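Encoded as structure tokens, the structure appears first; notes follow it.
There are 2 protein chains.
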Amino acid sequence: MTRFMDVHHGMQGITADQLREGHEAAVAIEKEAGVHFEHAWADPESGTVYCLSEGPSAEAVHRAHEHAGATRPDEIHAVPLAV
Amino acid sequence: MTRFMDVHHGMQGITADQLREGHEAAVAIEKEAGVHFEHAWADPESGTVYCLSEGPSAEAVHRAHEHAGATRPDEIHAVPLAV
Numbered sequence: 001m002t003r004f005m006d007v008h009h010g011m012q013g014i015t016a017d018q019l020r021e022g023h024e025a026a027v028a029i030e031k032e033a034g035v036h037f038e039h040a041w042a043d044p045e046s047g048t049v050y051c052l053s054e055g056p057s058a059e060a061v062h063r064a065h066e067h068a069g070a071t072r073p074d075e076i077h078a079v080p081l082a083v
Numbered sequence: 084m085t086r087f088m089d090v091h092h093g094m095q096g097i098t099a100d101q102l103r104e105g106h107e108a109a110v111a112i113e114k115e116a117g118v119h120f121e122h123a124w125a126d127p128e129s130g131t132v133y134c135l136s137e138g139p140s141a142e143a144v145h146r147a148h149e150h151a152g153a154t155r156p157d158e159i160h161a162v163p164l165a166v
């Protein structure tokens, strides 16, 4: 399993409830998707959302977003190093 | 205090030791800088580093990077929403 950071742009005006609902929808399907969603952070002003997850591949993280009804991340990077 | 996510590009080849040393240097000056560095994640392949911090302003986070001898982040966004 690899840790991934993905970034969504264009999410201007996202609310705390929307972020929480999106995260809960992702967590609800994480077992079948094989991807664990750890955290997400959002800036409603610039419309940027960062998601931190663990999964077998970037493609699996993309598929998990899709299954959860989320928008497709604009960027995704494996982040094998962390402090 | 606001939470911030900043992003560094061009860090290809960064090692676990370099990430840890950079984070420790930032933590060492966080009291005087008034910025708390929570976590950092790195992708040595694309050269992307994400830093999560808490501080009074984006400018304070920039100054804290500078004090710690780190490169200036290419992007920084307040992330008031988190799950």
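Protein sequence lines correspond, in order, to chains E and B. For the first sequence, the positions run 1 to 83 when the working numbering is used. For the second sequence, the positions run 84 to 166 when the working numbering is used. Beta carbons: idealized from backbone N, C-alpha and C, even for Gly. The structure presented is a predicted model; accordingly, all values stated were derived computationally and were not measured.
Integer Cβ distance of residue i from residue j, believed to fall under 8 Å
i	j	result
residue 68(E)	residue 29(E)	5 Å
residue 87(B)	residue 141(B)	6 Å
residue 93(B)	residue 117(B)	Rounded, the Cβ-Cβ distance is 27 Å, inconsistent with contact.
residue 26(E)	residue 82(E)	No, residue 26(E) and residue 82(E) are not in contact; Cβ-Cβ is about 20 Å, not under 8 Å.
Collapsed DSSP secondary structure at residue i in the structure displayed
i	result
residue 45(E)	coil
Residues bridged to residue i (per DSSP)
i	result
residue 90(B)	133(B) and 158(B)
residue 40(E)	51(E)
residue 82(E)	124(B)
Extent of the continuous alpha helix (DSSP H) to which residue i belongs
i	result
residue 153(B)	Premise fails: residue 153(B) is in no alpha helix (DSSP H) and is neither H nor E.
residue 18(E)	16 to 28
Next item on the list: Could you list the residues in the segment 87 to 99 of chain B with a C-beta less than 8 Å from some C-beta on chain E, going in chain order?
Entry: 88, 97, 98 and 99
Check: Taking any Cβ of chain B, which residues in the segment 53 to 64 of chain E have a Cβ under 9 Å from it, in chain order?
Finding: none
Next item on the list: Could you run through the segment 110 to 131 of chain B and flag, in chain order, every residue whose CB is less than 8 Å away from some CB of chain E?
Entry: 122, 123, 124, 125, 126, 127, 128, 129 and 131
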